[in-house]
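Residue numbers (the working numbering): 16 to 618.
Reviewing the structure listed below.
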């Protein structure tokens, strides 16, 4: 069959450049002026349809000028030694200002240690060029200047048509591979994310057309990435996102070539990031996790009263509102005692409580580990069906609290996917199964206190609940399963049978609980890289999307403070040392632990 490739192929031909630019300086002034005029024209056109876009544009300009003033003499200065350690590549394709500013922070940390940052972005990324320049970054590579050749376009078209002419279902799509890259997974996840519902219906002609377009985009992206790395040999490659159709091909080629690939994601606390290095042991492992080799080491370390206080202080702080990241999920929610929760939800006090911590159904995981079910919705439906069959316990189906603000960002007013799935596949819920909506007023920590069992695919609850001796049943690998403190199933049948007899599963023993606590302390307190020279800013009054919420600001007021900042030094040293897979602060000694601040000794 023929897929929609004409526009993509034409785009490749339109942008072909036989001598692709490697630095900003290779682009003539008039060319950059034309690009900027194009951007201003697009802003004006959007303003004709919605004047609020001009307000956002004004806000961004103000932020850029403020950041420029604070950066002058601080970020634009270089270390006396200059750039002598080679190039680093920052893959910045999202166009999001927040991501760009975070990438600039990491670029600066490495630049201060002698590396030369190169940014891969779009030539139409107006704000990326401007913000990166404030960090002293001068070299840019534009994806449009690495277009595929006519031969490559023809190969991509034929391969895409071969894929799409056969069976088009999830298992088949997940197996689609081109030159070692999981192009099918990149394409499917991109389509699912854009539709904001469960796994797409591949029988829908519109979905198939979208899938074909994304698949072609991914295959062409492989050719583009190979051309990029043929002319650039970075010492370090930095990615915020490593999946989906834009980032996935670049990541796949960088990983295949054995480059020093590092992914960063936001930590579950303010002004902090998580770093993970991509190596065979960590491939397809969730970034906010502990590698198996590291966990083996941590399991032998001492645990005392101060460590316990530190972990419990972390739990209290997170769910007590200390962090905007968690507070956003807990907006309008209150701490309640066990009796109050039982009464509010109408739970049977004679029975134990099993809590299903539902995932966002459209947030399809195709990248971390292996799932027992096709997607989040399939898991949700089958888990709910099993819960309906087992009335020996109270079942509490907690819909993910982030659904509310995520839908608000996208201005999504449609019916919840979970309610549609229940009505379509399950029907009326029996009395022993209770649905906890995202906008309920019960704090998640209060749910933890009544839970006798937890159920998830690989959610954060699988890190938290075992610390209280509560068994958690998982339905997917790739994060913490197999480390010794969760109840993992090898097959769907085994998982379902465990749900049907969940009331027979014992509490965790002391050794399992201690292992879970060490793991949680490492994940929540030692894995985060906390920014000191920079910080995050959040506006809790803003509802819906705003390009500057959250944002990044500069704390350092002079270059000497920036150059001597301990956080930037520690990241740069870790990034250069390929022997360590997880960025991890050292295990705290008893005298180094502060239960109030969660601080630990330095590395």
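Ideal Cβ positions, reconstructed from N, Cα and C, are used throughout, including at glycine.
Taking all protein chains shown into account, do 16 or more other C-beta atoms lie within 10 angstroms of the C-beta of residue i, making it buried, or fewer, making it exposed?
i           : result
residue 578 : buried
residue 288 : buried
residue 590 : buried
residue 216 : exposed
residue 557 : exposed
residue 180 : exposed
residue 449 : buried
residue 311 : exposed
residue 57  : exposed
residue 41  : Here the model assigns residue 41 a pLDDT of 44, short of 50, so the residue's position is not dependable, and the following value carries that caveat. Under this definition residue 41 is an exposed residue.
residue 477 : buried
residue 524 : exposed
Would you list the residues sitting across from residue i in a DSSP beta bridge?
i           : result
residue 566 : 552
residue 132 : 103
residue 253 : 105 and 277
residue 597 : 291
residue 156 : 135
residue 489 : 503
residue 349 : 457
residue 386 : 491
residue 545 : 287
residue 369 : 410 and 468
Between residue i and residue j, what straight-line distance do the alpha-carbon atoms span, to the nearest angstrom?
i           : j           : result
residue 132 : residue 265 : 17 Å
residue 581 : residue 598 : 14 Å
residue 242 : residue 161 : 7 Å
residue 280 : residue 573 : 28 Å
residue 158 : residue 139 : 10 Å
residue 226 : residue 176 : 11 Å
residue 256 : residue 361 : 42 Å
residue 516 : residue 390 : 24 Å
residue 128 : residue 113 : 24 Å
residue 514 : residue 367 : 13 Å
residue 521 : residue 486 : 8 Å
residue 193 : residue 223 : 19 Å
residue 596 : residue 406 : 45 Å
residue 382 : residue 393 : 17 Å
residue 440 : residue 527 : 37 Å
residue 480 : residue 308 : 23 Å
residue 15  : residue 86  : As shown, the chain starts at 16 and ends at 618. That puts residue 15 outside it, with no answer to give.
residue 102 : residue 120 : 16 Å
residue 432 : residue 492 : 24 Å
residue 468 : residue 396 : 19 Å
residue 111 : residue 332 : 29 Å
residue 190 : residue 530 : 35 Å
residue 357 : residue 330 : 22 Å
residue 229 : residue 260 : 6 Å
residue 417 : residue 282 : 16 Å
residue 584 : residue 286 : 16 Å
residue 233 : residue 174 : 11 Å
residue 6   : residue 565 : The structure shown does not extend to residue 6, since the chain is modelled only from 16 through 618, so no value can be given for it.
Return the residue from the list the options that minimises the CA-CA distance to residue i.
i           : options               : result
residue 438 : 470, 408, 400 and 459 : 400
residue 184 : 456, 202 and 82       : 202
residue 249 : 125, 494, 457 and 527 : 125
residue 533 : 218, 322 and 171      : 322
residue 457 : 88, 292, 348 and 226  : 348
residue 262 : 105, 553 and 139      : 105
residue 473 : 286, 372 and 151      : 372
residue 244 : 134, 142 and 392      : 134
residue 495 : 302, 546 and 223      : 302
residue 235 : 167, 318 and 109      : 167
residue 403 : 442, 526 and 393      : 442
residue 108 : 197, 218, 87 and 254  : 254
residue 594 : 122, 267 and 275      : 275
residue 204 : 214, 196 and 195      : 214
residue 464 : 566, 353 and 84       : 353
residue 603 : 523, 144, 316 and 357 : 316
residue 206 : 258, 165 and 149      : 258
residue 398 : 228, 509 and 364      : 509
residue 374 : 357, 412 and 351      : 412
residue 142 : 314, 542, 164 and 83  : 83
residue 198 : 218, 238 and 219      : 238
residue 387 : 569, 99, 507 and 538  : 507
Quick one: does the C-beta of residue i sit closer than 7 Å to a heavy atom of the ligand ZN?
i           : result
residue 393 : Among the components modelled here there is no ligand, and therefore nothing to report on the ligand ZN.
Kindly indicate if chain D contains any beta-carbon less than 8 Å away from that of residue i.
i           : result
residue 357 : This model lacks chain D altogether, as it is built from one protein chain only.
Item checked: Complete beta strand (DSSP E) runs within the region 397-479 (minimum length 3 residues, chain order) -> Fully contained in the region 397-479 are the following beta strand (DSSP E) runs of length 3 or more, in chain order: 409-413, 448-451 and 468-470.
Notebook entry, point to check: Curious, which full-length beta strand (DSSP E) runs of at least 3 residues does the region 171-222 contain?
Noted result: You should have found no qualifying run.
Next item on the list: Note down, one range per segment and in chain order, each alpha helix (DSSP H) of at least 4 residues found wholly within the region 567-591.
Entry: Runs of the alpha helix (DSSP H) inside the region 567-591: 574-578 and 581-591.
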